[in-house]
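Okay, so here's the structure we're looking at.
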Amino acid sequence: MDIKAPRGVRDILPDESWRWAYVLDVTAKTMADFGHSEIHLPLFEQTELFSRGVGDTTDIVEKEMYNFTDRGGRNLTLRPEATAGMVRAAVEHGLCAQGAASRLWCWGAMFRYERPQKGRYRQFFQIDAETLGVSGAVADVEVIALSAEIFRRLGLRNLEVVLNSVGCPKCRPIYRDKLLKHFSAHKGELCKDCLVRLDRNPLRLLDCKEPGCGAVANAAPAIYDCLCDECAAHFEDVRNGLSGLGFRYTLDKRLVRGLDYYTKTAYEILSGDLGAQNAVCGGGRYDNLSESVGGPHLPGVGFAAGVDRIVLIMEEQGCSFGQCPQKEVYVVAQDDTPAVCNAVLSLTHRLRMEGIPAEQDAGDALGKKRSAKSQMKSADNAGVTWACLVSQDESHNIVIAMKNMNTGEQTTARPEEVARRVKESYNI
Ligand code: HAM
146 MDIKAPRGVR DILPDESWRW AYVLDVTAKT MADFGHSEIH LPLFEQTELF
196 SRGVGDTTDI VEKEMYNFTD RGGRNLTLRP EATAGMVRAA VEHGLCAQGA
246 ASRLWCWGAM FRYERPQKGR YRQFFQIDAE TLGVSGAVAD VEVIALSAEI
296 FRRLGLRNLE VVLNSVGCPK CRPIYRDKLL KHFSAHKGEL CKDCLVRLDR
346 NPLRLLDCKE PGCGAVANAA PAIYDCLCDE CAAHFEDVRN GLSGLGFRYT
396 LDKRLVRGLD YYTKTAYEIL SGDLGAQNAV CGGGRYDNLS ESVGGPHLPG
446 VGFAAGVDRI VLIMEEQGCS FGQCPQKEVY VVAQDDTPAV CNAVLSLTHR
496 LRMEGIPAEQ DAGDALGKKR SAKSQMKSAD NAGVTWACLV SQDESHNIVI
546 AMKNMNTGEQ TTARPEEVAR RVKESYNI
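Quick note, our numbering runs 145 ahead of the 1-based positions in the sequence shown.
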């Protein structure tokens, strides 16, 4: 076939998809333990939600969004991230009306037109948790602890929590001016992109990966002296909360994150096993996001972690994904008489209703039944424990030979006995 999946977009094949299911199961349980309820958000939203929410000087909005106009002339965008949609949904449905914290989570595909490489795709999956409606540092600590706990339960090693504060609209302009002065004095060492960003958003220069810009950024002033009393106290509370829980973290004055909505806390969890795309999780506080998209004051804090990257690290570190779903029984028709074919159909269905994974031959591409020998070959390939060979005796009774594929032992059984025998064999 000439048609292939678009560049940067992957199929998650059955060999891998059960690993994803494991990651999502562990995530769902951990989210529930931390009081987060699951929400399903639309895959596309009005473009304005992201251009105003994420910020129109960000790479995401400037270069990476999949924008389109629908047949009704509406400007829509495939979501590049989930936070703005979560805030939109919470406001639209009054989820924070009681004034208490609203803890939500979701997972699903996000879309960014980035240059594909290992761990970076144009369609990728995130798990995302948000705590909305509260401004205290407890929520920040909880969110960071939640992300770390998911990774602990999944068995990920070699991770580093990196923390910073990006201040608020009160104190950030002071820091912005300091940065502008610093970077302007080193214009000759900056890359083309940074020269453009310099006037619009000098904070962005701090996370430029170009070596020249990196050296200038390393020498840049830190925000800490500029933080207002409120931001400084919040940062202190977050740090004390994390230390109180025994979390180790590194302060990084260059961590500003690639989205404009952050205020106060910004953090990432980095993996030593991911190469260039080393962030497995990123998040922080965004107290003004709701207002920037026309909503009420609604403080929030959250994180998102890349599922593609989690699975990649787990595979590289040899982490356990639990049990690959087993195929237990293959039901084989010894001949193609209607009585035997019906018995195969009904035995397979009966086993499935008992919760025993069972397969049968569905014929070939031309609709022809396959021989008993080919069916046994399929049973072998499927790795089942039991092959149930269905035939008729001279008195036209259906008989079943149960062959244990591990030991080669074979016994006969009536159709109604098969499920019980299979279940008994689990307990041996
Ligand atoms: P983000 O840092 O843009 O933050 O993305 C979070 C995580 O998604 C990254 O750490 C990475 O694991 C994964 N990720 C991002 N882009 C890609 C890609 N192209 N391919 C594969 N994985 C990727 C956010 O999205 C914010 N909404 C996080 C947040 C939630 N902040 C507050 N609440």
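C-beta atoms are modelled at their ideal positions from N, C-alpha and C, and glycine is treated no differently. A quick note: this is a predicted structure, and the numbers were derived from the prediction, not measured.
In the structure shown, residue 532 falls within a strand segment according to DSSP collapsed to helix, strand and coil.
Its Cα nearest to that of residue 298, the residue 467 stands out among 348, 467 and 439. Counting other Cβ atoms within 10 Å of its Cβ, residue 368 reaches 16 or more and is therefore classed as buried. Three or more pairs of CB atoms, one per stretch, sit closer than 8 Å, so the segment 442–460 contacts the segment 218–238. In the assembly as shown, residue 555 is an exposed residue. Its beta-carbon has fewer than 16 other beta-carbons within 10 Å. According to the DSSP assignment, residue 341 belongs to the alpha helix (DSSP H) that extends over 337–345. Ranking 242, 263 and 236 by CA distance to the CA of residue 420 puts 263 first. Here the distance from the Cβ of residue 403 to the nearest heavy atom of ligand 1 is below 7 Å.
Contact between residue 520 and residue 509 does not hold, since the beta-carbon distance rounds to 11 Å and is not under 8 Å.
Judged by DSSP in its simplified three-state form, residue 289 adopts helix. For residue 223, the secondary structure class from DSSP, reduced to helix, strand or coil, is strand. The secondary-structure analysis by DSSP pairs residue 328 with nothing; it has no beta-bridge partner. Here the alpha carbon of residue 471 sits roughly 13 Å from the alpha carbon of residue 164. Residue 538 and residue 488 have their C-alpha atoms roughly 13 Å apart. With a cutoff of 7 Å, residue 454 counts as near ligand 1, since its C-beta is closer than that to a heavy atom of the ligand. Classified as exposed, residue 366 has fewer than 16 neighbouring CB atoms from the shown chains inside 10 Å of its CB.
If you draw a straight line from the Cα of residue 200 to the Cα of residue 437, it comes to about 9 Å. Taking the Cα of residue 564 as reference, the smallest distance to any Cα among 417, 500 and 440 is reached at 500. The shortest C-alpha to C-alpha distance from residue 551 to any of 561, 544, 542 and 524 is the one to 524.
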